[in-house]
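Asker: I have a structure here, written as structure tokens, and I will follow up with some questions on it.
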Amino acid sequence: MNPDLTAAFRQIPPPHRLAVYLADIEGLSCREIAETMGTPVGTVMSRIRRGRRQLRWLLPQYAPGLRAT
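Just so we're aligned: the sequence shown equals residues 6 to 74 in the numbering used here.
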């Protein structure tokens, strides 16, 4: 994995990190992630959204023009 991505990934909260990892790396659906994490689907969706937003903020060089506010 890219060292910049690894460092940024470690900076986001563990629940968000796990949700993003399971969605974007493992390819699980929100329902599958919810079952794995023992949380409601809505919570998983929120964690994925927030985790991705945090990664965009931490890695602006990889997503120019997409920096979250």
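Note that CB positions come from ideal geometry on N, CA and C, so glycine has one too.
Note that the coordinates shown come from a computational prediction; the quantities given were computed from them, not determined experimentally.
Buried or exposed for L27, please, with buried defined as at least 16 other CB atoms from any protein chain shown within 10 angstroms of its CB.
Answerer: L27 is buried by the Cβ-count criterion.
Asker: How many angstroms separate the CA atom of A24 from the CA atom of R36?
Answerer: Distance between the alpha carbons of A24 and R36: 11 Å.
Asker: Are G56 and I30 closer than 7 Å when you measure CB to CB?
Answerer: Going by C-beta atoms, G56 is not nearer than 7 Å to I30.
Asker: Identify whether I53 lies in helix, strand or coil by the three-state DSSP scheme.
Answerer: If DSSP states are grouped into helix, strand and coil, I53 belongs with the helices.
Asker: Helix or strand or just coil, what does DSSP make of E37?
Answerer: Correct three-state label for E37: helix.
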